[in-house]
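Trainee: The first sequence begins at 205 in the numbering used here and counts up by one. This is the structure, below, for whatever I ask next.
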Amino acid sequence: MPELPEVETIKRGLQPFLEQKTIQGLQVNRQDLRIPIPDNTRQMIQGQYVQFIKRHGKYLCVELANGQTIVWHMGMSGSVRVYHDDKEPYEPQKHDHIVMTTDAPATIVFNDPRRFGMFYTHPTEQIQNTPPFSQMGCDALQSTAKTLYPQLQNKKSPIKTVLLDQAIVAGLGNIYVCEALYKARISPFKPANALSFSEVETLSKHIDEILAEAIQKGGSSLKDHRMTDGSMGYFQNFFGVYGKKGVACPHCTCDPEQTGGIKQVKQAGRSTFYCSEKQK
DNA sequence: CTACCATCCTGGTTGC
DNA sequence: TGCAACCAGGATGGTA
Numbered sequence: 205m206p207e208l209p210e211v212e213t214i215k216r217g218l219q220p221f222l223e224q225k226t227i228q229g230l231q232v233n234r235q236d237l238r239i240p241i242p243d244n245t246r247q248m249i250q251g252q253y254v255q256f257i258k259r260h261g262k263y264l265c266v267e268l269a270n271g272q273t274i275v276w277h278m279g280m281s282g283s284v285r286v287y288h289d290d291k292e293p294y295e296p297q298k299h300d301h302i303v304m305t306t307d308a309p310a311t312i313v314f315n316d317p318r319r320f321g322m323f324y325t326h327p328t329e330q331i332q333n334t335p336p337f338s339q340m341g342c343d344a345l346q347s348t349a350k351t352l353y354p355q356l357q358n359k360k361s362p363i364k365t366v367l368l369d370q371a372i373v374a375g376l377g378n379i380y381v382c383e384a385l386y387k388a389r390i391s392p393f394k395p396a397n398a399l400s401f402s403e404v405e406t407l408s409k410h411i412d413e414i415l416a417e418a419i420q421k422g423g424s425s426l427k428d429h430r431m432t433d434g435s436m437g438y439f440q441n442f443f444g445v446y447g448k449k450g451v452a453c454p455h456c457t458c459d460p461e462q463t464g465g466i467k468q469v470k471q472a473g474r475s476t477f478y479c480s481e482k483q484k
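Shown next, in the form of structure tokens:
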């Protein structure tokens, strides 16, 4: 699930309880995630001081003082919960795969029902030269028309599909791609290399805006996403098109009885929501 | 090289 | 109400 805004929300929630703290205990309840959690993970992490938490696209990187970095991905259904208040002690839940304690003090729990997530360590100095980071595009918040436009020139696939490719821009997922294209008034079917520089500028601007707004609202809680205190993000209440098949487009004066409102189609196996009147 | 597809897994929703 | 089919925010490895 989590796309860039949800991962950024998790990062910000974790920082006060993990960054510049010592990880005292690490309990691995299940190893069989998307990538099996390596057997040495506990010994690499336990007792280590955490220097920084960084985010690259949809990945979190927790840099430890011993030169190792925890590579952490939420998959489709992952969430992180921080328990630090004695009034609300940690009670194990189904699908709690990792339980970490720090001297904040805090208990940090990674829950992932579908187990598409990842959690493993890797030497920090090699991170940038190793997949997935070595093949990851510019982070969506750093991306500009100047960096994006050249990357689209050899892509004849629809812009919707191309924006989901983490090698082009890192951090966008199905929701925010649909929303950004809608705000930019660009058709999801338009071949990526058919966008003018000016259209890419518009697109880039709206990607920035939509991500910033979503982060400010704690991300989108459709199903699994929660902030680290357990509360829901609320950007889902501000979607323009995602999940709104048949709903009248608020920016169109056209009659939804005639246009059918917001459309839903499949592109490369993923749902695309768009307004055919607004997005040409 | 690009593009498309199936796959990993659980759980919620839809339809009969 | 019960049950089966289908669908979901992602990434990857295989094939054409």
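No residue lacks a Cβ here, since even glycine has one placed at the ideal position from N, Cα and C.
Any idea what DSSP makes of S283, helix, strand or coil?
Mentor: S283 falls in the strand class under three-state DSSP.
Trainee: Inspect the beta-carbon positions of R259 and E223 and report whether they are closer than 8 Å.
Mentor: Not in contact: R259 and E223 (Cβ atoms no closer than 8 Å).
Trainee: Three Cβ pairs or more, each shorter than 8 Å: is that satisfied between the region 359–373 and the region 416–433?
Mentor: The region 359–373, when compared against the region 416–433, does not touch it at the 8 Å Cβ threshold.
Trainee: Among residues of its own chain, excluding the 5 on either side of Y510, which ones have a beta-carbon nearer than 7 Å to its beta-carbon?
Mentor: The chain is shown from 205 up to 484; residue 510 falls before or after that span and cannot be answered.
Trainee: What is the rounded straight-line gap between the Cα of Y324 and the Cα of K482?
Mentor: Their Cα atoms are separated by approximately 44 Å.
Trainee: Could you tell me which residues DSSP pairs with I249 in its beta bridges?
Mentor: I249 is not bridged to any residue.
Trainee: Under 8 Å by Cβ, that's how I've got G271 and T328 pegged, so tell me the actual separation to the nearest angstrom.
Mentor: Indeed they touch by this definition, with Cβ atoms about 5 Å apart.
Trainee: Let me make sure I understand the geometry here. Which of N333, L237, F314 has the alpha-carbon closest to that of V286?
Mentor: Considering only alpha carbons, the answer is F314.
Trainee: Do L237 and M340 have their CB atoms nearer than 8 Å?
Mentor: Against a cut-off of 8 Å, the Cβ pair of M340 and L237 comes out as no contact.
Trainee: Tell me the rounded alpha-carbon separation between F439 and Q357.
Mentor: Approximately 32 Å between the Cα atoms of the pair.
Trainee: Taking only the alpha-carbon atoms, compute the straight-line gap between Y221 and M436 and give it to the nearest angstrom.
Mentor: Tyr is not the amino acid found at residue 221; the sequence shown has Phe there. Distance between the alpha carbons of F221 and M436 is about 19 Å.
Trainee: So what does N315 bridge to, in DSSP terms?
Mentor: Paired residues: S283, D300.
Trainee: Out of S281, L264, E292, which has the shortest C-alpha to C-alpha gap to N273?
Mentor: The displayed chain sequence assigns Thr, not Asn, to residue 273. Minimum Cα distance to T273 is reached at L264.
Trainee: Within the continuous alpha helix (DSSP H) that includes Q219, where are the two ends?
Mentor: That run of the alpha helix (DSSP H) goes 208–222.
Trainee: Mind checking who Y478 pairs with in its DSSP beta bridge?
Mentor: Answer is K467.
Trainee: Give the straight-line distance between the Cα atoms of Q420 and Y353, rounded to the nearest whole angstrom.
Mentor: Straight-line Cα distance between these residues: approximately 27 Å.
Trainee: Comparing alpha-carbon positions, which option in P335, L368, I372 lies nearest T351?
Mentor: Of the listed residues, the one whose Cα sits closest to T351 is I372.
Trainee: Tell me which residue opens and which closes the alpha helix (DSSP H) that L399 is part of.
Mentor: No alpha helix (DSSP H) holds L399; DSSP gives it neither H nor E.
Trainee: Which residue or residues does DSSP assign as beta-bridge partners of T226?
Mentor: BP columns for T226 point to Y253.
Trainee: Per the DSSP calculation, F323 is bridged to which residue(s)?
Mentor: For F323, which the question treats as bridged, DSSP gives the partners W276.
Trainee: Assign D412 to one of three DSSP states: helix, strand, or coil.
Mentor: D412: helix per DSSP, three-state reduction.
Trainee: Which value, in whole angstroms, describes the spacing of the CA atoms of Q370 and N244?
Mentor: Whole-angstrom Cα-Cα distance: 29 Å.
Trainee: Nearest to I239 by alpha carbon, out of P296, L218, R319, K291?
Mentor: Of P296, L218, R319, K291, the residue nearest in Cα terms is R319.
Trainee: For the beta strand (DSSP E) that contains Y263, what are its first and last residues?
Mentor: Run containing Y263: 263–268, per the beta strand (DSSP E) assignment.
Trainee: By a C-beta neighbour count over all protein chains shown, 10 Å radius and 16 as the cutoff for buried, is G465 buried or exposed?
Mentor: G465 comes out buried.
Trainee: Could you spell out the range, first to last residue, of the alpha helix (DSSP H) harbouring E383?
Mentor: Segment 378–388, the alpha helix (DSSP H) holding E383.
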